[in-house]
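Each number in the working numbering corresponds to the 1-based position in the sequence shown with 80 added.
Here is the structure we will look at, set down as structure tokens.
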Amino acid sequence: MLTRIEIDGFKSFLGFELDVPPFLALVGPNSSGKSNFLDALAFVRSAMLADDPELWPSEVKHWHFHVPDPAAMRRPASALDRRPLTEDAGNLAAVLGRMSRAGGLDDLLVDLAALVPDVTGVRPVFDERSEEWSFDLLIDHEPVPCRLASDGTLRVLALLAALYDRASSGLLMVEEIENGLHPSRLGALLQTIAQRAGVVGDSWRQVILTTHSPVAVSSLYQAAPDALVFLEPVSRAGGGRPRSRVSVAKPMRQAGEPGTFVSPRQGPYPSEHGGAGAMSRPRPLGLITDQYGSCRMTKGDARGVAAGGPAGPLLPAYAEWVDATSKALRSHGFL
Ligand SMILES: Nc1ncnc2c1ncn2[C@@H]1O[C@H](COP(=O)(O)OP(=O)(O)O)[C@@H](O)[C@H]1O
Ligand SMILES: [Mg+2]
């Protein structure tokens with residue numbers, strides 16, 4: 081499982097470090113570096129896979145990008161396909177068939193029924209002649225072929241398959257999780273993800289996702305606040321380099337009233353004060369500035385942005401955004 085990421089000199093990341101929990105939800109406005117973060121992992125993976133396979137850390141073989149394509153999910157899949165769920169989820173039917181033969185579909189179906197109330201089950205169907213799997217959804221207990229299923233239902237099903245299939249365990253990376261999902265499903269889906277992430281028996285499951293949905297932020301704030309990390313673009317100057325934009329991460333912790341977001345890494349770098357986590361003296365990278373102030377940016381200091389002072393409310397903009405959007409969605413009956 082990934083426990084820490086350091087990115088130095090890739091796209092918008094410079095001297096960037098982040099401790100990574102089993103479930104990491106990266107939130108941020110456009111151009112804050114969310115996709116760049118996953119691109120960095122894709123880059124590492126492709127570099128390793130291009131290298132001598134004997135040298136690959138086995139970890140990397142279990143990194144799965146999840147970019148589900150509903151059209152691909154509707155197609156039958158060969159019973160010979162024993163792979164984990166593929167990136168586009170095009171072998172979903174084979175994964176469901178394999179899981180049902182192994183008796184491993186029940187928990188998934190409980191979650192599916194809770195997330196998509198009119199779906200009461202999933203029935204994998206094996207075609208002896210073509211040796212292919214397809215599946216029916218049971219809608220109010222009546223079988224409906226998967227080719228007629230809605231995109232949103234298929235997206236939920238594919239994500240659950242990735243979370244429940246033992247062969248698909250490892251690191252699951254999902255861009256903009258809210259895409260194609262009804263806001264009322266998103267919160268419950270995130271809670272399922274939070275419950276599934278971690279070490280289960282002899283396998284591990286980690287989820288890194290990106291979102292700019294206030295619904296996601298609001299529900300994670302309640303259900304899994306440690307998963308939330310805000311990415312923000314800040315401008316950097318000095319260090320002998322031209323002014324540029326870099327991404328910084330601000331993990332969230334709760335303080336004061338609910339809805340108040342604060343950064344845990346404000347103030348001087350720990351090594352200057354001999355704190356428990358003291359590290360070697362950092363290399364200066366320049367001065368970074370965001371709407372809350374500016375500070376000298378040093379290697380390993382990507383998370384602490386505002387200079388000095390006690391921790392305080394740092395991201396009220398997010399709190400307002402979540403509150404306003406949640407209210408609007410609730411008033412329209414979406415939440
Ligand atoms: N090679 C690069 N060097 C520096 N910045 C880059 C590079 N490639 C992309 N960027 C910057 O990254 C930002 C886009 O980040 P991205 O991860 O796509 O944002 P989002 O959070 O919307 O997914 C843009 O501001 C772009 O200028
Ligand atoms: Mg993006």
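Idealized CB from N, CA, C, for every residue including glycine.
No experiment lies behind these values; they were computed from the predicted model shown.
Q. Is residue 215 closer than 8 Å to residue 202 when the C-beta atoms are compared?
A. Stepping through the sequence shown from its first residue, residue 202 is reached at position 122. Stepping through the sequence shown from its first residue, residue 215 is reached at position 135. Cβ distance < 8 Å, so residue 202 and residue 215 count as in contact.
(Q) Quick check on residue 282: buried or exposed, where buried means 16 or more other Cβ atoms within 10 Å of its Cβ? (A) Here the question's residue 282 lines up with position 202 in the sequence shown. By the neighbour-count rule (16 or more Cβ atoms within 10 Å), residue 282 is not buried but exposed.
Q.
Give the residues whose C-beta lies closer than 6 Å to at least one heavy atom of ligand 1, in chain order.
A. Every residue passing the under-6 Å Cβ criterion appears here: 91, 92, 108, 110, 111, 112, 113, 114, 115, 116, 325.
Q: Identify the continuous beta strand (DSSP E) that holds residue 105 and give its terminal residues.
A: Numbered from its first residue, the sequence shown carries residue 105 at position 25. Per DSSP, residue 105 belongs to the beta strand (DSSP E) from 103-107.
Q.
Our contact map puts residue 195 next to residue 269 with C-beta atoms below 8 Å; I'd like the distance itself, whole angstroms only.
A. Within the sequence shown, residue 195 is the residue found at index 115, counting from 1. Within the sequence shown, residue 269 is the residue found at index 189, counting from 1. Sure, about 6 Å apart at Cβ, within 8 Å.
Q) How about residue 235 and residue 150: do their beta carbons lie closer than 8 Å? A) Working through the sequence shown from its first residue, we reach residue 235 at position 155. Working through the sequence shown from its first residue, we reach residue 150 at position 70. It is a contact, given that the beta carbons lie within the stated cut-off.
Q: Can you grab the Cα-Cα spacing for the pair residue 94 / residue 130, in whole Å?
A: Mapped onto the sequence shown, residue 94 falls at position 14. Mapped onto the sequence shown, residue 130 falls at position 50. If I take the Cα positions, the gap works out to 25 Å.
(Q) Taking 7 Å as the cut-off, is the beta-carbon of residue 87 closer than that to any non-hydrogen atom of ligand 3? (A) Questions concerning ligand 3 fall outside what the structure shown contains, since the ligands it does hold are ligand 1 and ligand 2.
Q) To which residues of the same chain is residue 144 closer than 8 Å at the C-beta, ignoring the five residues directly before and after it? A) Stepping through the sequence shown from its first residue, residue 144 is reached at position 64. Counting only Cβ-Cβ distances below 8 Å, and skipping sequence neighbours, we find 164, 165, 167, 242, 248, 250, 251, 252, 253.
Q) Closest to residue 180 by CA distance: which of 410, 302, 246 is it? A) Within the sequence shown, numbered from 1, the residue matching residue 180 stands at position 100. The candidate whose alpha carbon is nearest that of residue 180 is 246.
Q) Nearest-angstrom Cα distance between residue 330 and residue 312? A) Counting from one through the sequence shown, the residue named residue 330 turns up at place 250. Counting from one through the sequence shown, the residue named residue 312 turns up at place 232. One C-alpha to the other measures close to 8 Å.
Q.
Classify residue 110: buried if its beta carbon has 16 or more other beta carbons within 10 angstroms, exposed otherwise.
A. For the purposes of this step, residue 110 is taken as residue 30 along the sequence shown, with counting starting at 1. So residue 110 ends up on the exposed side.
Q: Keeping to the same chain, check which residues put their C-beta closer than 7 Å to that of residue 303; ignore five residues upstream and five downstream.
A: Looking up residue 303 in the sequence shown gives position 223. If we look at residue 303 and ignore the five residues flanking it on each side, its Cβ neighbours are 270, 271, 274.
Q. Would you say residue 188 and residue 240 are within 8 Å of each other, going by their C-beta atoms?
A. As a first step, residue 188 must be located in the sequence shown, where it is residue number 108. As a first step, residue 240 must be located in the sequence shown, where it is residue number 160. Against a cut-off of 8 Å, the Cβ pair of residue 240 and residue 188 comes out as a contact.
Q: Would you mind stating whether residue 229 and residue 258 have Cβ atoms separated by less than 8 Å?
A: The count along the sequence shown starts at 1 and reaches residue 229 at position 149. The count along the sequence shown starts at 1 and reaches residue 258 at position 178. No.
Q: Measure how close the beta-carbons of residue 154 and residue 140 come, nearest whole angstrom, since I'm counting them as under 8 Å.
A: By one-based count along the sequence shown, residue 154 stands at place 74. By one-based count along the sequence shown, residue 140 stands at place 60. The pair is not a contact, with the Cβ atoms about 30 Å apart (cut-off 8 Å).
Q. Around the C-beta of residue 191, are 16 or more other C-beta atoms found within 10 angstroms, so that it is buried, or is it exposed?
A. Taking the sequence shown and counting its residues from 1, the one referred to as residue 191 is at position 111. Per the 10 Å Cβ criterion, buried.
(Q) Rounded to the nearest angstrom, what separates residue 287 and residue 301 at their Cα positions? (A) Within the sequence shown, numbered from 1, the residue matching residue 287 stands at position 207. Within the sequence shown, numbered from 1, the residue matching residue 301 stands at position 221. Distance between the alpha carbons of residue 287 and residue 301: 17 Å.
Q.
Does residue 223 come out as helix, strand or coil in the three-state DSSP assignment?
A. Taking the sequence shown and counting its residues from 1, one reaches residue 223 at position 143. Reduced to three states, the DSSP call for residue 223 is strand.
Q: Please report the residue range of the alpha helix (DSSP H) in which residue 139 lies.
A: Here residue 139 refers to the residue found at position 59 when the sequence shown is read from its first residue. Start and end: 138-141.
Q) From residue 81 to residue 116, what does the alpha carbon distance come to, in whole angstroms? A) Taking the first residue of the sequence shown as 1, we reach residue 81 at position 1. Taking the first residue of the sequence shown as 1, we reach residue 116 at position 36. Cα to Cα, residue 81 sits roughly 20 Å from residue 116.
Q.
Determine whether the beta carbon atoms of residue 123 and residue 90 lie at a separation below 8 Å.
A. Counting from one through the sequence shown, the residue named residue 123 turns up at place 43. Counting from one through the sequence shown, the residue named residue 90 turns up at place 10. Yes, the pair counts as a contact, with Cβ atoms nearer than the cut-off.
Q.
Relative to the C-alpha of residue 171, which candidate in 328, 208, 212, 183 has its C-alpha closest?
A. Sequence index remark: in the sequence shown, residue 171 carries index 91 (1-based). For the residues 328, 208, 212, 183, the minimum Cα distance to residue 171 belongs to 212.
**Q.** 3 or more residues per run - each beta strand (DSSP E) lying fully within the stretch 140-192
**A.** 143-146
(Q) Here's the rule I'm using: 16 or more other beta-carbon atoms within 10 Å means buried, otherwise exposed. How should residue 147 be labelled? (A) Looking up residue 147 in the sequence shown gives position 67. Classification of residue 147: exposed, given that the 10 Å Cβ count is below 16.
Q.
Is the beta carbon of residue 87 closer than 8 Å to that of residue 100?
A. Along the sequence shown, one-based indexing puts residue 100 at 20. Along the sequence shown, one-based indexing puts residue 87 at 7. Not in contact: residue 100 and residue 87 (Cβ atoms no closer than 8 Å).
Q: Locate the beta strand (DSSP E) running through residue 94, then write down its first and last residues.
A: Residue mapping note: residue 94 aligns to position 14 of the sequence shown, counting from 1. Residue 94 -> no beta strand (DSSP E), and no H or E assigned at all.
Q: Go through its chain and collect everything with a Cβ distance to residue 265's Cβ below 8 Å, but skip five positions before and after it.
A: Against the sequence shown, residue 265 aligns to sequence position 185. For residue 265, the CB contacts under 8 Å within the same chain, skipping 5 residues up- and downstream, are 195, 196, 232, 236 in chain order.
Q | Neighbourhood of residue 334 by C-beta, 7 Å cutoff - its chain only, sequence neighbours within 5 removed | A | What you label residue 334 is simply residue 254 of the sequence shown in a count that begins at 1. Residue placement at residue 334 is flagged as unreliable, the pLDDT there being 35, under the threshold of 50; a coordinate-derived value is accordingly withheld.
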